[in-house]
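Notes for the one structure printed next.
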Amino acid sequence: MRLALLTDIHANREAFEAVLADLSQRQIDQLVFLGDIVGYGPDPGWCVDQLEALVAKGALALRGNHDRAVTTPDNVLNSNARRVIDWTVNRLNARQKLFLSELPLTIADGDTLFTHASANDPADWLYITTESTARPSFLVCDARLIFCGHTHRAALYSCDLAGRVGQINLAAGQTMPLLHSRRWLGVIGSVGQPRDGSTLASYAILDRDLNELSFRRVAYDATTTARKSREAGLPEALAQRLMKGI
Amino acid sequence: MAIRPHPGLEIDGFTLHQQLHKGGFATIWEVTHALYRTPMVMKVPTILDGYDGPTIVGFEVEQMIMPRLSGVHVPRVMGQGDFAVMPYIVTERIPGTSMYSYFKRAPRPVAEVIELAARMAEALHDIHRQQVIHLDLKPDNFLQRPSGEMVLIDYGLSRHDQLPDLLAEEFTIPMGTFPYIAPEQYLRQRGDLRSDLYALGAMIYELATGKMPFGQPEKLSQVKQRLWRDPLPPRAIRADIPEWLQEIILRALEVDPAKRYQSAAQMIFDLTNPMQIRLTARGHKLQRDPSLAVFKRWRTMRNLRAFAAPPSVAAQIERAPILLVAVDLSPEMEPLCQAIYLQIKRMLVNRPDARVACVNVIKTARLGIDQATDAAGNNLHVARLVALKTWAEGIDLTEDRLTYSILENTDPAAAIIDHAEANRVDHILMGARGHSTTRRFLGSVSAKVVAEAACSVTVIRLPAKPVDTDPNRIS
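Chains as they are written, first to last, in the UniProt record's numbering: chain H, 1 to 246; chain Y, 1 to 475.
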């Protein structure tokens, strides 16, 4: 059983399509979306419809903070994010909004927990960026594997038998066996708004049979997305961000 | 660890029988399984009560790396156990004992030393090709199959190009076995395949002389001395060691990785073609370096933080390939030879550590008299060798990285393919003659080499001369 883990698509149709095209060439049994299908990007309607169709075919999907902000006002979002949410609200129909509001915050699948931001407080949208911010997620649940998104930067943490949490430097394209002697927390990089210095769309493949995780990067036409973003009147900083991967 | 191993224990279908070995970090058990008929062994780490980080991480590394390796030089993995119950790795059992028993009887006869060294280097090259650096080579970790091939075991300190290095994050002191550990491993560098060549050099030294090049240090400060102090030359211990063998050993034991063999394949090349080795001061010396030279080295080396290391195992193998150049030296082929010459010079710009094996084939008659001696009494073989060396003059490589061979075969293509395979050649460079009807029906040498060689082949062809068209000709 091979799972593709996608997160933070952020209404970026070109990146979403590029990742789906890449996945169609690989043997993938299930898609898992870790939230934030909308926000920041210029194609929210198309992305939500696409996600809804995939969920109807068996994909799992979670709600992220931007998805929630469409129906529930969120004062924590930064100003650019809030501007785009206000714009997005008027571009989604009632059915699409209902779909987003019904998505769950976490999904437990056997020994695996999927969440958008963190396991310790899924609704508080914490950022897991260090070993100390990763530790609480290991403490609150007994899942062997935890996967989340939200930070837009791929990272991998492990928690050994003694409870020590350490970050493992896993480069894109490398494969990490998720050793049974440890528990693992994978932070998946963003499909639609990468922030680690590379403009390539990011996702991960989890191979259940081989018990391995790999981070992958896919090239997409960011120039088109940036142009659409400007044409829609979205903040210039967001278009710049796509072109620089920051 | 919930269960401890004992005879009669059944786990995941494996039944434990007698304990075969008890080491510092693990026990080895004879096991059977209803589904496997091959003899098997189980390795179980000995984890101390409480938290035993180094042993656990070492075993995790072994569990990650071993299933990724394949081939005759690695034991086949049959099963792995979870730390929650009992961690273990089950592999096929290699009959016979480790090289340790040979080493106890060192010094060994020179012929045996060379054979064992070549076989150990062959196993090493195999795991390097699979992107793994062993980093803990010692006699105990080489087993020999009844068919002769060496098997490398114990990957607890190893490094895989495509996997994160769990050990680098875990340890703050150098890891490895002190008598064999390379200077850069002392400096905690874990990414250089040439560290394994150093350890192999130390082992060949021991096998040939009966002594370890740096004794048996017990403290790290003693290990550090090999950064400036050279070992006693093997020929000073045992006079019947040939100079070329000393050359091989001391080259592998060079302090700076850049001065050693650049790949295990290059070392095998010298071990199997000793007559092609060009001797340097290394091969001739009979004493350790004078104190002043050692003092000068001490002054520079004692503060050294790191040696220049290659970016990855694959990159190092790529920059240090063995190239085979086949040339036809007959007069009408001169322009083609010139083109091949220019091409090889271009290839060497990108691969500064390459070795070049120049080859010329004498085509022998399928039946009939031997052609090796021509009417004038000149030995054809020698004449060709001289011509080949003349052709290669100006290829900008030190002599020891440029070798010449004259092959004889009824089938020149087969001769080139066999020579490439025997010497682990990475890339063949050769010329193709122009098109002709005969060749279209009989096939060309280059076409056969391209089709059948196991490595990359580059074929050089000169542009065809423009054909004069006769304006009066009626077509």
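Cβ coordinates follow ideal geometry from the N, Cα and C atoms, glycine included.
Item	Value
Expected contact under 8 Å - CB spacing of Leu193/Y and Val313/Y to nearest Å	5 Å
Identity of the residue in Gln193/H, Leu6/H, Tyr157/H, Gly163/H nearest Pro177/H by Cα	Tyr157/H
Spatial distance of Leu348/Y from Asp43/H (CA atoms)	52 Å
Exposed unless 16 or more other CB atoms sit within 10 angstroms - verdict on Gly377/Y	Reliability fails at Gly377/Y, whose pLDDT of 43 lies under 50, so the model's placement of it is uncertain and no value is given.
Interface flag, Asn211/H vs chain C, CB-CB below 8 Å	Looking at the structure shown, chain C is missing, and the protein chains on hand are H and Y.
Cross-chain neighbours of Glu60/Y in chain H, by beta carbon under 7 Å	Leu179, Ser181
Residues near Ala320/Y by beta carbon distance below 6 Å, same chain, minus five either side	Gln262, Ser263, Asp353
Chain Y within 8 Å of residue 321/H, Cβ atoms only	Summary: the structure shown does not reach residue 321/H, with chain H confined to residues 1 through 246, and so no result is reported for it.
Under 8 Å between C-beta atoms of Thr410/Y and Lys448/Y	no
Selection of the segment 98 to 121 of chain H by Cβ proximity to chain Y, strictly under 8 Å	none
Distance, Glu212/H Cα to Tyr203/H Cα	14 Å
Contacts that Asp82/Y makes with chain H (C-beta to C-beta distance below 7 Å)	His180
Reference Arg227/H; option with closest CA among Leu20/H, Arg183/H, Gln240/H	Gln240/H
Nearest-angstrom Cα separation, counted from Leu5/H out to Glu14/H	17 Å
Where His21/Y falls, given that 16 or more other Cβ within 10 Å makes a residue buried	exposed
Below-8 Å beta-carbon distance, Met86/Y vs any chain H residue	no
Short Cβ contact (8 Å threshold) for Gly41/H with Asp67/H	no
8 Å contact criterion, which His116/H and Arg63/H should meet: CB distance rounded	7 Å
Three or more C-beta pairs below 8 Å linking the segment 286 to 294 of chain Y and the segment 321 to 334 of chain Y	no
Reference Asp426/Y, options Leu397/Y, Val457/Y, Gly176/Y, Val445/Y, closest by Cα	Val457/Y
Cβ shell of Ala168/Y (< 7 Å), same chain only, five flanking positions each side left out	Arg190
Assigned secondary structure, Trp46/H (DSSP; H/G/I helix, E/B strand, else coil)	helix
As assigned by DSSP and simplified to three states, the class of Pro104/H	coil
Under the three-state DSSP convention, the category Trp87/H falls into	helix
Cα-Cα separation, Ala84/Y to Leu179/H	11 Å
Cβ of Pro109/Y within 8 Å of any chain H Cβ	no
Pair within 8 Å by beta-carbon distance, Leu152/Y and Ala123/Y	yes
Cβ of Ile56/Y within 8 Å of any chain H Cβ	yes
Under 8 Å between C-beta atoms of Leu242/H and Ala222/H	yes
Contact with chain H by Pro164/Y, beta-carbon distance below 8 Å	yes
Reduced DSSP secondary structure (H/G/I, E/B, other) of Ile65/Y	helix
Whole-angstrom C-beta distance between Pro39/Y and Arg93/Y, which should lie under 8 Å	4 Å
Leu35/Y classed as buried or exposed, judged by whether at least 16 other C-beta atoms fall within 10 angstroms	exposed
Burial state of Tyr100/Y (16 or more Cβ within 10 Å)	exposed
Residues of its chain near Phe214/Y, where Cβ-Cβ distance is below 7 Å and the 5 sequence neighbours each way are ignored	Pro179, Arg226, Pro231
Spatially closest choice to Glu131/H from Asp124/H, Ser118/H, Glu17/H, by CA coordinates	Ser118/H
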